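Chemist: Residue numbers (the numbering used here), protein chains in the order written: chain L, 2 to 322; chain Y, 2 to 322. Mind having a look at this structure? Questions to follow.
2 protein chains.
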Amino acid sequence: MSVSFAVGFEDIRAAAGLLQGVANNTPVLTSRTLDMRANARVYCKCESFQRTGAFKFRGAYNALGRVPEATREVLTFSSGNHAQAVALAGSLLDIQPTIIMPRDAPEVKRKATAAYGANIIPYDRSETTREVLAQQLARERGIPIIPPYDHPHIIAGQGTAALELLQSQPSIEVLLVPCGGGGLLSGTTLAARAIQPDIRVIGVEPATANDAALSFKSGTLHTVHNPQTIADGARTPSLGALTFPIIRALAHDIVVVSEDAIIGAMQFLWERMKLVVEPTGALGVAALLSGVISADRKNVGVIISGGNVDFGQAPAWSKPT
Amino acid sequence: MSVSFAVGFEDIRAAAGLLQGVANNTPVLTSRTLDMRANARVYCKCESFQRTGAFKFRGAYNALGRVPEATREVLTFSSGNHAQAVALAGSLLDIQPTIIMPRDAPEVKRKATAAYGANIIPYDRSETTREVLAQQLARERGIPIIPPYDHPHIIAGQGTAALELLQSQPSIEVLLVPCGGGGLLSGTTLAARAIQPDIRVIGVEPATANDAALSFKSGTLHTVHNPQTIADGARTPSLGALTFPIIRALAHDIVVVSEDAIIGAMQFLWERMKLVVEPTGALGVAALLSGVISADRKNVGVIISGGNVDFGQAPAWSKPT
Numbered sequence: 002m003s004v005s006f007a008v009g010f011e012d013i014r015a016a017a018g019l020l021q022g023v024a025n026n027t028p029v030l031t032s033r034t035l036d037m038r039a040n041a042r043v044y045c046k047c048e049s050f051q052r053t054g055a056f057k058f059r060g061a062y063n064a065l066g067r068v069p070e071a072t073r074e075v076l077t078f079s080s081g082n083h084a085q086a087v088a089l090a091g092s093l094l095d096i097q098p099t100i101i102m103p104r105d106a107p108e109v110k111r112k113a114t115a116a117y118g119a120n121i122i123p124y125d126r127s128e129t130t131r132e133v134l135a136q137q138l139a140r141e142r143g144i145p146i147i148p149p150y151d152h153p154h155i156i157a158g159q160g161t162a163a164l165e166l167l168q169s170q171p172s173i174e175v176l177l178v179p180c181g182g183g184g185l186l187s188g189t190t191l192a193a194r195a196i197q198p199d200i201r202v203i204g205v206e207p208a209t210a211n212d213a214a215l216s217f218k219s220g221t222l223h224t225v226h227n228p229q230t231i232a233d234g235a236r237t238p239s240l241g242a243l244t245f246p247i248i249r250a251l252a253h254d255i256v257v258v259s260e261d262a263i264i265g266a267m268q269f270l271w272e273r274m275k276l277v278v279e280p281t282g283a284l285g286v287a288a289l290l291s292g293v294i295s296a297d298r299k300n301v302g303v304i305i306s307g308g309n310v311d312f313g314q315a316p317a318w319s320k321p322t
Numbered sequence: 002m003s004v005s006f007a008v009g010f011e012d013i014r015a016a017a018g019l020l021q022g023v024a025n026n027t028p029v030l031t032s033r034t035l036d037m038r039a040n041a042r043v044y045c046k047c048e049s050f051q052r053t054g055a056f057k058f059r060g061a062y063n064a065l066g067r068v069p070e071a072t073r074e075v076l077t078f079s080s081g082n083h084a085q086a087v088a089l090a091g092s093l094l095d096i097q098p099t100i101i102m103p104r105d106a107p108e109v110k111r112k113a114t115a116a117y118g119a120n121i122i123p124y125d126r127s128e129t130t131r132e133v134l135a136q137q138l139a140r141e142r143g144i145p146i147i148p149p150y151d152h153p154h155i156i157a158g159q160g161t162a163a164l165e166l167l168q169s170q171p172s173i174e175v176l177l178v179p180c181g182g183g184g185l186l187s188g189t190t191l192a193a194r195a196i197q198p199d200i201r202v203i204g205v206e207p208a209t210a211n212d213a214a215l216s217f218k219s220g221t222l223h224t225v226h227n228p229q230t231i232a233d234g235a236r237t238p239s240l241g242a243l244t245f246p247i248i249r250a251l252a253h254d255i256v257v258v259s260e261d262a263i264i265g266a267m268q269f270l271w272e273r274m275k276l277v278v279e280p281t282g283a284l285g286v287a288a289l290l291s292g293v294i295s296a297d298r299k300n301v302g303v304i305i306s307g308g309n310v311d312f313g314q315a316p317a318w319s320k321p322t
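What follows is the structure in C-alpha cells.
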C-alpha cells in the first residue's frame with residue numbers, strides 16, 4: 002500500500018512480540034448451528050477470553066509497554082474495558098495509572114479497576130468532559146495520556162487479534178469487527194489487508210450509534226451524541242483522527258444492526274455456543290444472524306470483542322424463544 | 002490392573018475412534034485468577050462446548066453407533082442432557098429414538114429434544130417410574146434401551162473426554178469430575194488411570210445428593226430419593242450396577258460441595274472465565290474454590306460437564322459480590 006498511516010503492519014508485528022506470553026492467544030470457536038444459520042463457515046475469535054475480558058488489554062499493554070523508561074505514571078479516561086485493561090497493564094509493568102471515570106460509572110467496574118491498583122478520579126459528566134479534564138491533569142502532572150483508541154500503540158495492539166486469527170485460519174475471506182471509536186477496526190484492517198490484500202473487513206455498529214457508518218460512506222467525520230444502545234463499547238461519539246483515515250481507506254464497509262439483533266445474537270451465543278458475550282462483542286454475530294451480511298457460504302471471521310457482563314444482568318435482555 | 006470391569010481402556014480408545022470428526026475435541030481453558038484462588042494450575046476441559054452442550058453426546062453416539070445393523074430404533078429415559086444427546090446421535094446415525102420424559106419436564110428441553118426428530122413419550126412421575134415404563138415398552142416393541150449411564154458403551158464414550166484432556170495435558174496429577182449416576186466418573190477413572198496409574202481422580206457431588214460419596218466410603222450402594230439440589234445432572238438416586246464397582250476401585254475419593262459453593266462457582270465461571278456452565282458442570286470448580294479440595298500447587302484437571310442453562314435463568318442464582 003502506498004498510502005501512509007499513523008500505524009503500519011510492522012507496528013502490529015512488534016506489538017505481537019511484546020504481547021507474547023502476556024496476552025492470551027484467545028481460542029477460535031466454531032458452531033455447526035451458527036454455520037447453518039449464517040450460511041457460512043464462521044470462525045469466532047473470542048476476545049472475551051482475553052485478560053480483563055476484552056481485546057482492550059492488547060492495546061493497553063502495548064501502549065504502556067512503550068512509554069519512555071522514566072515514565073512511571075499514565076493517565077487515561079474510560080468507564081469501561083479500557084480502564085480495566087490499563088489498570089492491569091500498569092500493575093504488570095509497574096506503571097501507576099490514573100483513570101478518570103464518571104461519578105456514575107457502575108460500581109462493579111469502578112471496583113474491578115481499583116482492584117488492579119489504579120487511582121480513580123471521579124468527575125461529573127454535567128460539569129466537564131473527560132478529554133478536557135485529562136488534558137488539564139496531564140499538563141499539570143507532566144504525564145502521558147493513553148486514550149482508549151486514537152493512539153498508534155493502541156491501534157497496533159488491537160491489530161494483534163486479527164493477526165492471530167488469520168495465522169490460525171488463513172482461509173478467511175470476510176472479517177466482521179465491532180466498531181466504536183475504531184481502534185479495533187483500524188488495527189484489524191491494517192493487519193488483515195497486509196496479510197491478505199483481498200480480504201473484506203466489515204465494521205459493525207449499532208443502528209442507533211451509526212456515526213462510523215455515516216463517516217465511512219460520506220468521507221466526513223460524523224458525530225452522534227449520547228447514542229442509546231445496549232452496546233456500551235460502541236457509544237463513542239465518533240471515530241478518531243487516526244482511526245478514521247485507516248478505516249476509510251482499508252475497510253470494505255460498515256454496516257449497522259438493530260438492538261433486537263444484538264440481543265438475539267447474545268442469546269444465541271449464550272444458549273448455543275455457551276459463551277458469555279457483552280452486547281458490543283455480539284455485533285458481528287448479530288450482523289450474520291439478522292441477514293445484514295449475506296455470507297454466501299464464505300469463510301467468515303468474527304471478532305467477539307469482549308465478555309464483560311455482570312452475572313444476573315442477562316434477564317433484562319432475555320426474551321422468549 | 003488385574004480386576005476386570007464391564008468396560009476397559011480399549012473400549013474407550015475404540016469410542017474415541019468412532020467419535021473422531023463427529024464429537025468436538027473440546028477446548029481446555031485456563032485462568033490466572035482460578036489458578037491463584039485454587040493455588041494450583043487448573044485445566045478446564047469444557048464439555049459445555051460439546052455438541053448438544055454436554056459430554057452426554059459422547060456416550061450416546063458411541064452407544065447408538067454400536068447397536069446391531071438391523072436395529073433402527075432405540076428407547077431411552079431422560080429429561081435432561083442425555084435425551085438431547087440420544088436425539089442428535091439418532092438423527093446422525095439414522096436411528097429413531099423414543100424418549101420417555103416426565104410430563105413436567107421443562108418445555109425448553111422437550112422442544113430441543115423434539116427438534117432433533119425424537120419421539121417423546123410423556124409419563125406421570127406419580128404413577129410409574131421411567132425405568133419400569135422403559136422396560137415395558139422395550140419388551141413390547143423389541144427395541145434396545147440406551148440408559149443414561151449404566152451401560153458399557155455409554156461409560157466408554159464418556160471416558161473419551163478424559164482421554165483427550167490427558168493427551169493434551171499429560172502433567173495433570175488430580176482430576177475433578179462431577180458425579181451423578183457415575184457414567185462420566187467411571188469412564189474418566191478408567192481412561193485416566195490407564196494412561197497415568199498414579200493420577201487421583203476425585204468425584205464431586207452436591208452435599209444434598211451425597212449418595213455416591215456414601216457408597217464410595219461404605220462400599221455399599223446408597224440411594225438418595227429426590228435430592229434437592231440445583232445441580233440437576235446429579236439428582237440421580239444412586240450410582241449404577243456397572244459404574245459403582247469401577248468408581249469404588251479406581252477413584253481416589255468422592256467429595257461434596259454446598260449449593261452456595263455451586264452457585265459461587267457458576268458465578269466465577271461466568272464473570273471471570275466468560276463461560277456459561279450449568280450447575281452440575283460447575284461442581285469441580287466449586288470444590289476447588291470452596292477449599293474442599295486442597296490443590297497444593299498441583300496440576301489439576303477439571304471436567305466442566307455441560308452448559309445447558311437458559312438465557313435469563315442466571316438471575317435466580319445471582320448473589321451480590
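The beta-carbon is built from N, C-alpha and C at its ideal position, and this holds for glycine as well. Owing to the predicted nature of the structure, the values given are computational and were not obtained by experimental measurement.
Around the C-beta of VAL202 (chain L), are 16 or more other C-beta atoms found within 10 angstroms, so that it is buried, or is it exposed?
Modeler: The sequence position of residue 202 (chain L) within the first sequence is 201, counting from 1. Buried, by the Cβ-count rule.
Chemist: On a Cα-Cα basis, can you pick out the residue from Y:ASP297, Y:ASP311, Y:GLY307, Y:ASP233 that is closest to ASN40 (chain Y)?
Modeler: Locating residue 40 (chain Y) in the second sequence gives position 39, counting from the first residue. For the residues Y:ASP297, Y:ASP311, Y:GLY307, Y:ASP233, the minimum Cα distance to ASN40 (chain Y) belongs to Y:ASP297.
Chemist: Is GLY118 (chain Y) closer than 9 Å to GLN97 (chain Y) when the C-beta atoms are compared?
Modeler: As a position in the second sequence, residue 97 (chain Y) is number 96, starting the count at 1. As a position in the second sequence, residue 118 (chain Y) is number 117, starting the count at 1. Yes.
Chemist: Shorter than 9 Å from the beta carbon of MET2 (chain L) to some beta carbon of chain Y?
Modeler: Along the first sequence, one-based indexing puts residue 2 (chain L) at 1. Bear in mind that a pLDDT of 48 at MET2 (chain L), under 50, signals an unreliable position, so the model cannot answer this.
Chemist: Kindly provide the ranges of any beta strand (DSSP E) runs that are 3 or more residues long and lie completely inside the segment 159 to 209 of chain L, ordered along the chain.
Modeler: Counting only runs of 3 or more, we get 175 to 179, 201 to 207.
Chemist: Report yes if the C-beta distance between GLY183 (chain Y) and ILE231 (chain Y) is below 9 Å; otherwise report no.
Modeler: Within the second sequence, residue 183 (chain Y) is the residue found at index 182, counting from 1. Within the second sequence, residue 231 (chain Y) is the residue found at index 230, counting from 1. Against a cut-off of 9 Å, the Cβ pair of ILE231 (chain Y) and GLY183 (chain Y) comes out as no contact.
Chemist: Quick one, which residues of the segment 161 to 179 of chain L are near chain Y if we go by CB-CB under 8 Å, in chain order?
Modeler: Taking 8 Å as the Cβ-Cβ cut-off against chain Y, none of the residues of the segment 161 to 179 of chain L qualify.
Chemist: Can you give me the C-alpha to C-alpha distance between PHE58 (chain Y) and ALA262 (chain Y), rounded to a whole angstrom?
Modeler: The residue labelled residue 58 (chain Y) in the question sits at position 57 within the second sequence. The residue labelled residue 262 (chain Y) in the question sits at position 261 within the second sequence. If you take the alpha carbons of PHE58 (chain Y) and ALA262 (chain Y), they lie about 27 Å apart.
Chemist: Given that VAL277 (chain Y) touches chain L, what residues does it touch there, using C-beta distances under 7 Å?
Modeler: Position 276 of the second sequence holds residue 277 (chain Y). Per Cβ cutoff of 7 Å: TRP271, LYS275, LEU276, VAL277.
Chemist: Using a beta-carbon distance cut-off of less than 8 Å, what residues from the segment 96 to 124 of chain L approach chain Y?
Modeler: Here the close residues are VAL109.
Chemist: Determine which residues share a DSSP beta bridge with ALA84 (chain L) and list them.
Modeler: Counted from its first residue, the first sequence places residue 84 (chain L) at position 83. ALA84 (chain L) is not bridged to any residue.
Chemist: Classify GLY22 (chain L) as helix, strand or coil using the three-state DSSP reduction.
Modeler: Position 21 of the first sequence, counted from the start, is the residue given in the question as residue 22 (chain L). Correct three-state label for GLY22 (chain L): coil.
Chemist: If you draw a straight line from the C-alpha of LEU215 (chain Y) to the C-alpha of VAL256 (chain Y), how long is it?
Modeler: Indexing the second sequence from 1 puts residue 215 (chain Y) at position 214. Indexing the second sequence from 1 puts residue 256 (chain Y) at position 255. C-alpha separation (whole angstroms): 10 Å.
Chemist: Can you give me the C-alpha to C-alpha distance between GLU206 (chain L) and GLY265 (chain L), rounded to a whole angstrom?
Modeler: Sequence index remark: in the first sequence, residue 206 (chain L) carries index 205 (1-based). Sequence index remark: in the first sequence, residue 265 (chain L) carries index 264 (1-based). If you take the alpha carbons of GLU206 (chain L) and GLY265 (chain L), they lie about 15 Å apart.
Chemist: Which residue from Y:ALA157, Y:PRO198, Y:ALA139, Y:PRO148 puts its Cα closest to that of LEU186 (chain Y)?
Modeler: Here residue 186 (chain Y) is taken as the residue at index 185 of the second sequence, counted from 1. That would be Y:ALA157, whose Cα lies nearest to the Cα of LEU186 (chain Y).
Chemist: Could you pull the DSSP bridge partners for PRO307 (chain Y) from this structure?
Modeler: Taking the first residue of the second sequence as 1, we reach residue 307 (chain Y) at position 306. Note that residue 307 (chain Y) is Gly in the sequence shown here, rather than Pro. Note: GLY307 (chain Y) sits in a beta bridge opposite Y:ALA55.
Chemist: What does LEU30 (chain L) touch in chain Y if you count any residue whose Cβ is under 9 Å from its own?
Modeler: Here residue 30 (chain L) refers to the residue found at position 29 when the first sequence is read from its first residue. Neighbours of LEU30 (chain L) on chain Y, chain order: PRO28, PHE50.
Chemist: At a Cβ threshold of 9 Å, is GLY308 (chain Y) touching chain L?
Modeler: The sequence position of residue 308 (chain Y) within the second sequence is 307, counting from 1. It does: the Cβ of GLY308 (chain Y) has a partner Cβ on chain L nearer than 9 Å.
Chemist: Taking only three categories from DSSP, how would you classify ASN40 (chain L)?
Modeler: Your numbering for residue 40 (chain L) matches position 39 in the first sequence. Correct three-state label for ASN40 (chain L): coil.
Chemist: Could you tell me which residues DSSP puts in a beta bridge with LYS46 (chain L)?
Modeler: To locate residue 46 (chain L), count along the first sequence from 1; it is residue 45. According to DSSP, which records beta bridges pairwise, LYS46 (chain L) is partnered with L:VAL29, L:ILE304.
Chemist: If you measure between the beta carbons of ILE305 (chain Y) and SER49 (chain Y), is that distance less than 9 Å?
Modeler: Locating residue 305 (chain Y) in the second sequence gives position 304, counting from the first residue. Locating residue 49 (chain Y) in the second sequence gives position 48, counting from the first residue. Yes, Cβ-Cβ distance for ILE305 (chain Y) and SER49 (chain Y) is below 9 Å.
Chemist: Going by beta-carbon coordinates alone, are THR72 (chain L) and ILE101 (chain L) separated by less than 9 Å?
Modeler: Counting from one through the first sequence, the residue named residue 72 (chain L) turns up at place 71. Counting from one through the first sequence, the residue named residue 101 (chain L) turns up at place 100. The answer is no: Cβ separation not under 9 Å.
Chemist: Report the rounded CA-to-CA distance for LEU284 (chain L) versus GLY22 (chain Y), giving the unit in angstroms.
Modeler: As a position in the first sequence, residue 284 (chain L) is number 283, starting the count at 1. As a position in the second sequence, residue 22 (chain Y) is number 21, starting the count at 1. Looking at the two C-alpha atoms, the distance is approximately 30 Å.
Chemist: With a cut-off of 8 Å, do at least 3 Cβ pairs link the segment 2 to 21 of chain Y to the segment 140 to 158 of chain Y?
Modeler: The answer is yes - the segment 140 to 158 of chain Y touches the segment 2 to 21 of chain Y, with three or more Cβ pairs under 8 Å.
Chemist: Name the DSSP bridge partner or partners of LEU76 (chain L)?
Modeler: Against the first sequence, residue 76 (chain L) aligns to sequence position 75. Answer is L:THR99, L:ILE146.
Chemist: So that I know if they touch, is there some Cβ in chain A lying closer than 9 Å to that of GLY54 (chain L)?
Modeler: Chain labels in this structure do not include chain A; the protein chains are L and Y.
Chemist: Spatial neighbours of ASP311 (chain Y) within its chain, please: C-beta separation below 7 Å, excluding the five flanking residues on both sides.
Modeler: For the purposes of this step, residue 311 (chain Y) is taken as the residue at position 310 of the second sequence. VAL109.
Chemist: Does the distance from the C-beta atom of ALA163 (chain Y) to that of GLY302 (chain Y) stay below 9 Å?
Modeler: Start at 1 with the first residue of the second sequence, and residue 163 (chain Y) comes out as number 162. Start at 1 with the first residue of the second sequence, and residue 302 (chain Y) comes out as number 301. Against a cut-off of 9 Å, the Cβ pair of GLY302 (chain Y) and ALA163 (chain Y) comes out as a contact.
Chemist: Tell me the DSSP bridge mates of ILE156 (chain Y)?
Modeler: Along the second sequence, one-based indexing puts residue 156 (chain Y) at 155. DSSP lists no partner for ILE156 (chain Y).
Chemist: Could you check if VAL133 (chain Y) is buried or exposed, using at least 16 other CB atoms within 10 Å of its CB as the buried criterion?
Modeler: Position 132 of the second sequence, counted from the start, is the residue given in the question as residue 133 (chain Y). Under this definition VAL133 (chain Y) is an exposed residue.
Chemist: Once DSSP output is grouped into helix, strand and coil, what is the label at PRO280 (chain L)?
Modeler: Position 279 of the first sequence, counted from the start, is the residue given in the question as residue 280 (chain L). Three-state result, PRO280 (chain L): coil.
Chemist: Please state the DSSP three-state secondary structure of TYR62 (chain L).
Modeler: Position 61 of the first sequence, counted from the start, is the residue given in the question as residue 62 (chain L). TYR62 (chain L): helix per DSSP, three-state reduction.
Chemist: Nearest CA to the CA of ASP233 (chain L): which residue from L:GLY220, L:MET274, L:CYS180?
Modeler: Along the first sequence, read from residue 1 onward, the residue named residue 233 (chain L) stands at position 232. Minimum Cα distance to ASP233 (chain L) is reached at L:CYS180.
Chemist: Where does the unbroken beta strand (DSSP E) through VAL109 (chain Y) begin, and where does it stop?
Modeler: Indexing the second sequence from 1 puts residue 109 (chain Y) at position 108. Premise fails: VAL109 (chain Y) lies in the alpha helix (DSSP H), 108 to 116, not in any beta strand (DSSP E).
Chemist: Quick one: measure Cβ to Cβ for GLU74 (chain L) and THR99 (chain L), integer angstroms, because I've assumed they're closer than 8 Å.
Modeler: Counting from 1 along the first sequence, the entry for residue 74 (chain L) is found at position 73. Counting from 1 along the first sequence, the entry for residue 99 (chain L) is found at position 98. At roughly 7 Å, the Cβ-Cβ gap stays under 8 Å, so GLU74 (chain L) and THR99 (chain L) are in contact.
Chemist: Only counting the same chain, and skipping five residues up and downstream in sequence, which positions put a Cβ closer than 6 Å to that of ALA61 (chain L)?
Modeler: In the first sequence, the residue the question calls residue 61 (chain L) occupies position 60. If we look at ALA61 (chain L) and ignore the five residues flanking it on each side, its Cβ neighbours are ALA86, VAL87, ALA90.
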